[in-house]
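*Asks:* Read top to bottom, the protein sequences are chains S and G.
Sequential numbering of the first sequence, starting at 32, is according to the numbering used here.
Sequential numbering of the second sequence, starting at 289, is according to the numbering used here.
What follows is a structure written as structure tokens; I'll ask about it next.
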Amino acid sequence: MRNTDKAVFVAGLRKTFGDVVALRDISFQVVRGEVLGLLGPNGAGKTTTVDILSTLTRPDHGYAEVAGHDVMSDPAGVRRSIMLTGQQVALDDMLTGRENLVMFGRLQGLKKSHARSRATQLLDQFDLVQAADRAVSTYSGGMRRRIDIACGLVVRPEVVFLDEPTTGLDPRSRQSIWELVSDFKEAGIATLLTTQYLEEADTLSDRIIVIDHGTIIAEGTADELKARTGATYCEIVPRHLKDLPAVAQALGSLLPEHYRAALTTTSDRISMPAPDGPKTLLEALYHLNAAKIELLDIALRRPSLDEVFLTLTSEDSGDRYDARLAAEALR
Amino acid sequence: MTTTAAARPTTAAGARPTPSTIQQWWVLTVRVIMPTLRNGEVVTQVAASVMFTVGFYIPLKHMMGMFAQSMSSYAQYLMPLIALQAIAFAAVSAAFRSATDSVQGIDRRFKSMPIASMTPLGARMSASMYRCSLALAVSLACGYVIGFRFYGPVAHTVGFCLGVLLIGAAMSFVGDMIGVASANPEATTHMTMLPQLIFGLMSAGVQPAERFPKWIQGFVRNQPVSQFVYALRALAGDSTPAAGAVTWPVIGPALAWVVAYAAAGIPLAIWVSRRRR
């Protein structure tokens with residue numbers, strides 16, 4: 032049965048829903064104790080990938096193996112080995128946190144007494160003791176997400192799928208989920224994390240796969256990707272909107288051509304790569320000052336996901352360059 | 289949040305236990321039943337039966353009593369409809385519950401777990417049978433208070449109870465499927481509540497079909513609730529022969545409707561299970 036010793040092995044996955052091609056030729060691997068970040072915008076194919084790997088959807092083509100089990104021929108084996116948390120917290124809202132934990136333990140075959148002691152243990156570890164006997168419907172977003180994940184850990188999974196685990200969470204709750212993911216790594220669990228946030232993929236993942244329109248457009252460590260993206264961006268906001276074309280003009284060769292091309296009438300700022308960091312900013316300031324353009328703000332910042340896409344898609348091939356994404360980056 | 293949160297499962301899990309389908313079915317059944325004792329569902333069920341009994345019996349007793357096909361009392365005439373409304377209410381609860389599970393994504397989660405695909409539905413159906421049994425008991429209690437009695441042999445009484453439960457199972461199954469398919473608890477409740485009202489009020493359970501306007505009599509006589517009412521009324525019996533006899537022409541159509549309900553639910557079930565595959 033076991034064809035590879037990888038925790039997750041994916042080769043040539045393809046999936047269409049009606050006319051929509053959700054995935055085309057996706058291949059990747061995750062080893063034990065590794066966190067793989069699947070980074071992409073809405074509709075890129077992240078959830079479809081997770082759905083196929085957790086046996087909720089069948090691929091049209093390709094091969095996928097999770098914890099040594101073929102998702103097509105041995106879905107039961109996959110289901111015994113994984114934990115899935117979807118974008119939405121999937122619990123019984125009418126039960127208490129403790130009851131949910133006991134239920135998931137019992138569903139996975141634990142005896143009642145064992146399920147109870149395990150629930151108590153997890154409530155303690157997830158800092159939910161005080162809320163243990165309240166209905167989950169009364170929990171805050173962060174608490175719900177924590178108990179949701181805790182329910183998947185009653186029996187230790189070999190592979191964890193976290194589908195946008197921090198979407199909609201406040202920064203503190205997000206932080207606690209992040210800590211959890213690093214714990215998975217220590218425990219030797221393979222984790223596939225999907226996210227729209229570069230920062231999240233950056234902090235948590237050993238490797239990142241950037242996916243767009245169902246295709247992998249880049250793969251590497253966070254540092255490698257950022258190196259390709261240009262580590263820093265300079266964002267310039269003129270005081271008067273009408274000055275924007277003048278700003279673009281004044282920046283001259285500092286502003287790469289496809290960024291200039293992506294400017295629209297609705298843009299209110301200009302973002303550009305700052306390969307030399309503060310030095311680029313100084314240069315920009317010098318040019319703008321010389322052109323006597325009054326600024327509201329100018330700052331260096333880390334690239335956004337849009338910019339990663341902009342760079343990756345445009346370097347990939349000229350035809351694939353997507354002006355719409357560029358326009359969003361400059362918004 | 290302690291930093292060892294996930295590291296510990298390693299030690300706690302040990303050998304992976306093998307889940308048994310029976311245990312999973314039971315856990316999932318209890319999951320549905322337990323909240324009904326806390327969130328007022330049981331109380332609502334009881335109140336609904338009482339309200340229905342009071343709401344129909346008191347105002348209509350004198351008006352309809354004389355038309356009630358010369359049965360011994362209007363209570364005896366109304367009883368089948370009281371029971372049917374109670375189990376229809378149980379089916380609405382089942383639909384609401386399955387729609388909630390569907391929209392909250394817990395169905396999706398169960399599908400990603402080592403649980404046989406029919407187990408969650410089986411568990412929801414057994415929870416529905418609990419609701420229907422409760423509905424039957426409460427409605428019989430209400431019927432007894434207004435003067436309903438079983439007159440037939442024990443076999444007929446048992447037949448009445450089993451009949452109500454069977455109709456309840458069919459209705460709950462359809463309701464459950466509508467809930468799963470719609471994944472919208474509010475819309476599901478409206479969608480399932482309306483037929484309950486229309487078919488209940490436009491049935492021979494309230495007054496004889498001949499008392500309805502001529503143009504609608506055909507519908508009233510042949511629609512499922514009326515056919516259920518005829519069968520149940522015959523099974524309950526009466527001190528007069530007006531309840532009808534327990535014969536195939538009386539029981540058969542009701543059974544056929546139960547089969548039709550189930551047949552309507554199965555394509556829905558297949559469609560739901562194939563969705564997104």
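We put the beta carbon where it would ideally sit given N, CA and C, even for glycine.
Can you tell which of 282/S, 108/S, 126/S, 296/S has its C-alpha closest to the C-alpha of residue 324/S?
*Replies:* It is 282/S.
*Asks:* Quick check: the region 112-126 of chain S against the region 159-177 of chain S, are there 3 or more CB pairs under 8 Å?
*Replies:* Touching, per the Cβ criterion.
*Asks:* Report the option in 477/G, 476/G, 504/G, 475/G whose CA atom is closest to the CA atom of residue 489/G.
*Replies:* Checked all of 477/G, 476/G, 504/G, 475/G; the closest Cα to residue 489/G is 504/G.
*Asks:* Apart from the five residues on each side of it in sequence, which residues of its chain come closer than 7 Å, Cβ to Cβ, to residue 497/G?
*Replies:* Answer for residue 497/G: 505, 508, 509, 514, listed in chain order.
*Asks:* Quick one: using the 10 Å Cβ neighbour count with 16 as the cut-off for buried, is residue 65/S buried or exposed?
*Replies:* Buried, by the Cβ-count rule.
*Asks:* Count the C-beta pairs between the region 372-379 of chain G and the region 440-457 of chain G that are closer than 8 Å, then say yes if the count reaches three, no if not.
*Replies:* Because the criterion of three Cβ pairs below 8 Å is met, the region 372-379 of chain G and the region 440-457 of chain G touch.
*Asks:* Distance, Cα to Cα, residue 47/S vs residue 256/S?
*Replies:* Rounded to whole angstroms, residue 47/S to residue 256/S spans 28 Å at the Cα level.
*Asks:* I'd like the ranges of any alpha helix (DSSP H) spanning at least 4 consecutive residues and lying wholly in the region 78-163 of chain S.
*Replies:* Runs of the alpha helix (DSSP H) inside the region 78-163 of chain S: 106-112, 128-138, 143-156.
*Asks:* Counting contacts by CB-CB distance shorter than 7 Å, is residue 315/G in contact with chain S?
*Replies:* So yes, residue 315/G belongs to the interface.
*Asks:* Along the region 214-241 of chain S, what residues have a CB closer than 8 Å to any CB found in chain G?
*Replies:* Result list: 214, 215, 217, 218, 219, 220.
*Asks:* With H, G and I counted as helix, E and B as strand and the rest as coil, what does DSSP make of residue 403/G?
*Replies:* DSSP places residue 403/G in coil when its eight states are reduced to three.
*Asks:* Are the CB atoms of residue 102/S and residue 139/S nearer to each other than 7 Å?
*Replies:* Not closer than 7 Å, so no.
*Asks:* Please list the terminal residues of the continuous beta strand (DSSP E) segment that includes residue 368/G.
*Replies:* Careful: residue 368/G lies outside any beta strand (DSSP E), inside the alpha helix (DSSP H) at 362-392.
*Asks:* Mind pulling the chain G residues with CB within less than 8 Å of residue 117/S?
*Replies:* Within chain G, the residues near residue 117/S are 393, 396, 397.
*Asks:* I'd like the span of the alpha helix (DSSP H) that includes residue 222/S, first residue to last.
*Replies:* No alpha helix (DSSP H) contains residue 222/S, which is instead part of the beta strand (DSSP E) from 221-226.
*Asks:* Does any residue of chain G bring its CB to less than 7 Å from the CB of residue 270/S?
*Replies:* Not one chain G Cβ lies under 7 Å of residue 270/S.
*Asks:* Got a sec? Which residues, its chain only, sit under 6 Å from residue 233/S by beta carbon, not counting five neighbours each side?
*Replies:* Same-chain partners within the cutoff: 253.
*Asks:* Using a C-beta cutoff of 7 Å, does residue 44/S count as contacting chain G?
*Replies:* No, residue 44/S lies away from the interface with chain G (no Cβ there is under 7 Å from its Cβ).
*Asks:* Can you give me the C-alpha to C-alpha distance between residue 435/G and residue 448/G, rounded to a whole angstrom?
*Replies:* Roughly 17 Å separates the two Cα atoms.
*Asks:* Report yes if the CB atom of residue 116/S is closer than 7 Å to the CB atom of residue 193/S, and no otherwise.
*Replies:* Against a cut-off of 7 Å, the Cβ pair of residue 193/S and residue 116/S comes out as a contact.
*Asks:* Along chain S, which residues have their Cβ under 9 Å away from the Cβ of residue 406/G?
*Replies:* Those within 9 Å of residue 406/G in chain S number zero; the least Cβ separation is about 14 Å.
*Asks:* Using the beta-carbon of each residue, which ones in chain S are nearer than 7 Å to residue 403/G?
*Replies:* Here the neighbours are 138.
*Asks:* Report the three-state DSSP secondary structure of residue 58/S (helix, strand or coil).
*Replies:* Correct three-state label for residue 58/S: strand.
*Asks:* Please name the residue or residues paired with residue 69/S in a DSSP beta bridge.
*Replies:* According to DSSP, residue 69/S bridges with 225/S, 240/S.
*Asks:* Taking C-beta to C-beta, are residue 264/S and residue 332/S nearer than 7 Å?
*Replies:* In this structure, residue 332/S lies closer than 7 Å to residue 264/S by Cβ.
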